[in-house]
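Okay, structure first, notes after.
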Amino acid sequence: MKRSLSVIACFLWSTVSVANIQTGMDKLINEVDPGINIGIEVIDLTTGESLYARNPDRAFTPASNMKIFSDAAALMLLGPDYRFNNQLSTNGTGLRNGTLKGNVYLYLPGDPSFTHEHLKSLLSSLKKWNIKSIQGDFVIDSAYNHVNPYAPGWMIEDLVYSYGAPLSPVIMNNNRLTVTVNPAEKAGKPALIEVTDPSGTIIIENKVRTKANLKGCGVDFSTDKNNHLSVRGCIGVGQWAIQQRMAIRNPLSYMQGFIQKELADQRIHLKGKILMGKAPKDTLLLASSSSSSLSQLLNDTLKPSDNLYAESLFLHTAFKLKGSVANWGEAKLLIKEFLQKQTGIDLKTAVLTDGSGLSRYDLLTPRQTVRLLRFLHERFHFSYEFIAALPVSGRDGTLQRRFNKSSQQDLLRAKTGTMRGVISLSGYLYTANGHTLAFAIYINNLPGTSLSISGRYRYLVDALCNYLLQQKPATHRWAKVVLPHGRMRFQNNTTQAALSRKKQAQWRRLETMVKKALKGEVVAIRFRNKELVLEDYQKNASKVWTVLQRLRKKYPFTVALKSSDLPALTPGKPMLLWIQSAKKDSKVQRIWIIKEILT
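Taking mature numbering (1 follows the signal peptide of the UniProt record, and there is no 0), I'd label the letters of the sequence shown as residues -19 to -1, 1 to 580.
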């Protein structure tokens, strides 16, 4: 009994008071900037006590912390097992000798995860129905057809990049593409540009030249509403490939192009047009494709902070609340009213213009955010799904490179937010004595000051969270006295995000070494993330092969060789798969493809 009392006494002695936490937090803030425009609220969910507040009712532009509100609304209304259902149907009145008399309808409810592979699978069902010719039109019925592709308050300069991808009128492949710029085989020639474009509709204007060195070089990217991609600048002959994620400005044309191409590939003749329209009731279902569950879609939204996913869930939730398609203005009011009724949180000052937080019109307070986090934490029906979807410190998502010390890793789950003049972080953290805290930290630039605040202010946010992680708030709960705060076995392992970065870095090093070893040789090298493609213009195949054999001693890889005949090569590693193929370019003698090795 005496020993138990002494344990409790020691524990209570080691805890810290609210006043001490407030003093410590204020000191960290004042050391960086006493006049900073910052709002913070911290609640101890274990005891219900408020640990710290600074401007908790001041409204801030939240950036991507808005996703907490839009995703919470989707989770409360739709449920964690909800799925989008994409459907292919027809109003045909006859099918004779492979000819369908009528239209085909593609219904898209706004699934943010819908890809060209899903669409290809739906279109392949036409063959199963023995449809070889469609006498009518191919009609795309999209839930977002008449919705503005961009929410109010989005900045024009954001619209060309992947994070500013349009939401309407249709979604396919996240309405984004990846552009890769590789140097040509020698200086003076145009760079080699590749895009991920299964539709074949992206028109590329290549104004990038390959130079002998990269001094003064850079590459600019732009797209327009006709899906014209313009790439300008210069790249050094031995330079790494440059990659950029871009928005597809005209997603309808992109999808139409893919449908046209896929129907042709399947040898299905379409007499009519591919156009937007409305599917009549009681059409015959030909095929359907469901999305992942909402709990997985939340994961795909919150961890990487995906704006398109957030906007789709925001508008789809509003659609369900209204019973018909809602525009941005209607969605803003519907979501706000729904959240307020469901949670009891006072949202009078909140402005929920969009679902992603990309809008400059969005406004939230730290107190509103923490109260929502507390509400979600206390609802067993979906709390685990929501918390699991947040980025984990030092492990995944937008926090994979932050809080990665052993005393921080896995102990914080929070949503990040960053744009010019804005830094935010809101979520949950686990203190040194096992208390769970809900917190929100918002920083906005003051009027008349520089919009660039990401450097020292992000350091401040991290320092504040690290300080809270180390605290031992007072408690009277016996369970918390005896429970150890130990690390789990898996935490000693390298994270999957770190392994992925390591592998990517290895491919980049291999790219550098191949370019260095083949300097002066007439070989064009294309970087494709997990493979290198070498277009060999030389008659002698042994030059490239000798280099690959030497590099194989240091880097694990295999090689596929495409050529019209198998050249005489010195046997040994790497493993070589020869693929006989006719020459497509009279100047290219052979193509070497460096691939991953099975580990």
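Glycine included, every Cβ here is placed at the ideal spot set by N, Cα and C.
Mind the definition here: the segment 222 to 241 touches the segment 129 to 147 only if three or more C-beta pairs lie below 8 Å; say whether that holds.
Using a C-beta cut-off of 8 Å, the segment 222 to 241 makes contact with the segment 129 to 147, since at least three inter-stretch Cβ pairs fall below that distance.
Thinking C-beta only, is L345 closer than 8 Å to N46?
yes
To which residues does DSSP link M257 through a beta bridge?
I121
Kindly confirm or deny that the segment 61 to 73 and the segment 86 to 97 touch, where touching means at least three C-beta pairs closer than 8 Å.
The segment 86 to 97 and the segment 61 to 73 touch, with three or more beta-carbon pairs separated by less than 8 Å.
Taking the alpha-carbon of K534 as reference, which of E502, F508, H358, L491 has the nearest alpha-carbon?
L491
Cα-Cα separation between L81 and G238, rounded to whole angstroms:
One C-alpha to the other measures close to 22 Å.
Three or more C-beta pairs closer than 8 Å, one from the segment 536 to 545 and one from the segment 562 to 578: is that the case here?
yes
Run through DSSP, which three-state label would R77 get?
strand
For S269, count the other beta carbons within 10 Å of its own beta carbon; 16 or more makes it buried, fewer makes it exposed. Which is it?
By the 10 Å Cβ count, S269 comes out exposed.
Where F202 sits in the DSSP three-state scheme
strand
Going by C-alpha distance, which of K317, L339, N521, R341 is nearest T330?
K317
Completely contained beta strand (DSSP E) runs for the segment 524 to 579, where each covers 3 or more residues:
539 to 544, 557 to 561, 571 to 576
Simplified DSSP state of E186, which is helix, strand or coil:
strand
In its own chain, which residues sit with a C-beta less than 7 Å from the C-beta of L26, not counting the 5 before and 5 after it?
R355, H358, T417, L418, A419
Proximity below 8 Å, CB of P232 to CB of I152:
yes
Could you compute how far the alpha carbon of V528 sits from the alpha carbon of M556?
Taking the straight line joining both Cα atoms gives about 14 Å.
Assign Q561 to buried or exposed, taking buried as 16 or more other Cβ atoms, counted over all protein chains shown, within 10 Å of its Cβ.
That one is exposed.
If we ignore side chains and look at the alpha-carbon of each, how far apart do residue 640 and F50 end up?
Lying before the first or after the last residue shown, residue 640 is absent from the chain, which here runs from -19 to 580.
Collapsed DSSP secondary structure at N425 in the structure displayed:
strand
Can you give, in chain order, each stretch of the alpha helix (DSSP H) that sits fully within the segment 255 to 317 and has at least 4 residues?
275 to 283, 288 to 303
Taking the beta strand (DSSP E) that Q3 falls in, what are its first and last residues?
Segment -2 to 13 is the alpha helix (DSSP H) holding Q3; no beta strand (DSSP E) there.
What would DSSP say about I223, mapped onto helix, strand or coil?
Reduced to three states, the DSSP call for I223 is strand.
Could you tell me the distance, in whole angstroms, from the CA atom of R489 to the CA atom of R352?
45 Å
Would you report the Cα separation of L410 and V373, rounded to the nearest angstrom?
10 Å
Would you mind reading off the limits of the beta strand (DSSP E) that contains M400?
393 to 400
Alpha carbon to alpha carbon, what distance is there between C215 and P171?
Straight-line Cα distance between these residues: approximately 9 Å.
Return the chain-ordered list of same chain residues with a C-beta closer than 8 Å to the C-beta of R439, the five sequence neighbours on each side being excluded.
T399, I404
Uninterrupted alpha helix (DSSP H) stretches inside the segment 40 to 105 (no shorter than 4 residues)
47 to 59
Cβ of P537 within 8 Å of Cβ of T28?
Taking C-beta atoms as the reference points, P537 and T28 fail to come closer than 8 Å.
Mapping the DSSP letters down to three states, classify V503 as helix, strand or coil.
coil
Would you identify the three-state DSSP class for A442, choosing helix, strand or coil?
The sequence as given places Val at residue 442; Ala does not occur at that position. Looking at V442 - three-state DSSP - the assignment turns out to be helix.
Suppose the cutoff is 8 Å on Cβ atoms and the five residues either side in sequence are ignored; what does the same chain contact list for D377 look like?
K284, T476, Q477, A478
With 16 as the cutoff for other CB atoms within 10 Å, does K322 come out buried or exposed?
exposed
Go to D38, then tell me how far its beta strand (DSSP E) extends in each direction, as first and last residue.
Per DSSP, D38 belongs to no beta strand (DSSP E) and is neither H nor E.
Per the DSSP calculation, H250 is bridged to which residue(s)?
S114
So who's on the other strand from S31, going by DSSP bridges?
I24
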